[in-house]
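Residue numbers (this note's numbering), protein chains in the order written: chain A, 1 to 171; chain B, 172 to 514. Even for Gly, the Cβ is constructed at its ideal location relative to N, Cα and C.
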Amino acid sequence: MLTTKAPKETRALGEALADLAHAGDLLVLAGEMGAGKTAFAQGFGSGLGVETPITSPTFTIVREYVGRALALHHIDVYRLDSMQEAGDLGLGEMLDEAAVMLVEWGDAILPALPTDYLEVRITFGDGDDDRRIELTPVGAAWSARRRSISETVAPWAHDAGASAGGASDPC
Amino acid sequence: MTPTEPHADATTRVLGIETSCDETAAAVVTGGNDVRSSVVSSQVDIHARYGGVVPEIASRAHVDLLTPVIAQALVEAGMADGEVDAVAATNGPGLVGSLLVGVSTAKALALVWGVPFVAVNHLEAHLYATLLEDPSLELPALVLLVSGGHTLLIAMEDHGRYRLLGSTVDDAAGEAFDKVARYLGLGYPGGPAIDRVALDGDPTAIAFPRAMRGDGFDFSFSGLKTSVINHVRKHPEATTADVAASFQEAVVDTLVDKARRAAREMGARSMCLGGGVAANSVLRERFLSACVEDGFHGFLPSRAMCTDNAAMVAAAGWWRLRADGPSPLDTGADPNLRLPLAG
């Protein structure tokens, strides 16, 4: 279990994780409204070298950004109502060679997504700006990176001893 | 006028088509400012039960609605098919599936009728909504464009010459209204719902943060949304009316404060409001008082011109046709299209 105390820390965590990204990767962002999914995405994008501002994709569903080596497809499925609509977006086809895909509320449309992904689940903590973040690799591509994930996120694993699972596990 | 002439004049009749989000609209405008007809068929009822615009539903509804909406716009303008001189359609920004319906229809009509096709930027069209209603508007003007997808401060120096002074770094103002309304259980669209409920609330009840106030011309509304959620979680006893009024106050305060500072800095003669959030009653009142206090010619669009419509698309299309000629028929829909800015 990881913790952040401000949106800028959630951004910094996203930025650090971007170093581990490979072409064709998928990240599923889960968490209630206001949890900090877009903040994570902003940090992740800046870690990929995206220089244009990353804003909420809620209105257009999909926003695309150019990074240093990898492009970023930033998607928000908040407005989608059915799996049919998620399927119509063709998210699987969007995962091309030179891009990483980040899907906000992606946990709601898992059947429409590839089966290899990193789930980033953000929940509210005790204080207004406190957040708990759980990273769960699903499938071979991300599971193989468990160790480097743990090393990368160590600065945010404040109470690593207290909780098991997620990335604090000897990943 | 023959189809090969690129320019437009006072007699040029433009059919405008708008399908970028949840309104299906068609209009005929002559000479860039004489609105002969303007028909808008809203999908708000269809989307209300989902709490927002659902893209696939939107594009299917546009397919069903567009042909009768165009037919009605032509009838109301007293025109037969093919009597227009150009067909303009919004090609971005917006939902890609929805945009494609309007763009493809416009191209097909332009081909069949043998008239030019003009691709119109939705944001530029909003700027022309202002000029349609107040052709004597003095430039340069500061335009605050606020909707579900955009929060922009634009310096309009002249026709087709814009500078972007600021925009949101996260959520659009209208998106914050929609999300907060949904969180408070007020339904969709969120703007009118909050406007209504806030009438019974105290705008000073809760001191929500004014993010980035005094700090440049960019906006941030994501933190405000989170503050509302935090407040409601901690104070379940707070009345919805007070939360709505205090939230609305924080948004309006930030928007008006930045707009008047931007207008002073750019040396504007006028200040205009545009976009769906421009229908908000508190924003209208506060924006106009700021204009009066600071000595700017202020302009508030009618509520019909705040929301998406095709008259503004036809008007912007007329100006683009006059300035640049027809758009190539391979012009696509671009969901992330940006405002063409002066170099």
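Item: Cutoff 8 Å: residue 44(A) Cβ touching any chain B Cβ; Value: no
Item: Cβ-Cβ distance between residue 361(B) and residue 367(B) below 8 Å; Value: no
Item: Per-residue DSSP class, three states only, for residue 384(B); Value: coil
Item: Under 8 Å (Cβ pairs) to chain B, residues found in the segment 42 to 73 of chain A; Value: 42, 53, 55, 56, 58, 59, 60, 61, 62, 63, 64
Item: Inter-residue spacing [alpha-carbon to alpha-carbon] between residue 324(B) and residue 140(A); Value: 47 Å
Item: Rounded separation between residue 247(B) and residue 506(B) - CA only; Value: 31 Å
Item: Proximal residues of chain B, C-beta to C-beta of residue 7(A) below 9 Å; Value: 393, 394, 397
Item: Three-state secondary structure assigned by DSSP to residue 292(B); Value: strand
Item: Residue 470(B), DSSP secondary structure in three states; Value: strand
Item: Classification of residue 127(A) by the beta-carbon crowding that lies within 10 angstroms, buried from 16 upward; Value: exposed
Item: Supposed close pair residue 344(B), residue 392(B) - CB separation, criterion 8 Å; Value: 6 Å
Item: Chain-ordered chain A contacts of residue 262(B) [CB-CB under 9 Å]; Value: Neighbours of residue 262(B) on chain A: none; closest Cβ ~14 Å, over 9 Å.
Item: Segment contact flag, the segment 255 to 262 of chain B with the segment 486 to 504 of chain B, C-beta cutoff 8 Å, min 3 pairs; Value: yes
Item: Ranges of the beta strand (DSSP E) found wholly within the segment 320 to 359 of chain B, counting only runs of at least 3; Value: 322 to 329, 332 to 338
Item: Closer than 7 Å at the beta carbon, the chain A residues around residue 350(B); Value: 33
Item: Nearest-angstrom Cα separation, counted from residue 498(B) out to residue 186(B); Value: 15 Å
Item: Beta-carbon contacts of residue 417(B) that lie in its chain and below 8 Å, excluding the five residues immediately before and after; Value: 372, 373, 374, 375, 376, 377, 378, 379
Item: Length of the line joining the Cα atoms of residue 172(A) and residue 394(B); Value: Look at the range of chain A in this structure, 1 to 171, and you will see that residue 172(A) is not part of it.
Item: Cβ of residue 296(B) within 8 Å of any chain A Cβ; Value: no
Item: At least 3 beta-carbon pairs within less than 8 Å: the segment 468 to 480 of chain B vs the segment 432 to 451 of chain B; Value: yes
Item: Residue 249(B) burial status per 10 Å Cβ neighbour count (16 or more: buried); Value: exposed
Item: Residues of the segment 312 to 345 of chain B whose Cβ lies closer than 9 Å to any Cβ of chain A, in chain order; Value: 318, 319, 320, 321, 338, 339, 340, 341, 342, 343, 345
Item: Nearest candidate by alpha-carbon position, reference residue 105(A), set 95(A), 145(A), 57(A), 23(A); Value: 57(A)
Item: Cβ of residue 400(B) within 8 Å of any chain A Cβ; Value: yes
Item: Any chain B beta carbon closer than 8 Å to residue 3(A); Value: no
Item: Residues in the segment 128 to 151 of chain A having any Cβ partner in chain B nearer than 7 Å; Value: 128
Item: Coarse secondary structure for residue 123(A), derived from DSSP in three states; Value: strand
Item: Residue 123(A) at chain B interface by Cβ criterion, 8 Å; Value: no
Item: Rounded separation between residue 292(B) and residue 79(A) - CA only; Value: 24 Å
Item: Minimum C-alpha distance to residue 258(B) - residue among 486(B), 510(B), 305(B); Value: 486(B)
Item: Min CB distance residue 38(A) to chain B below 8 Å; Value: yes
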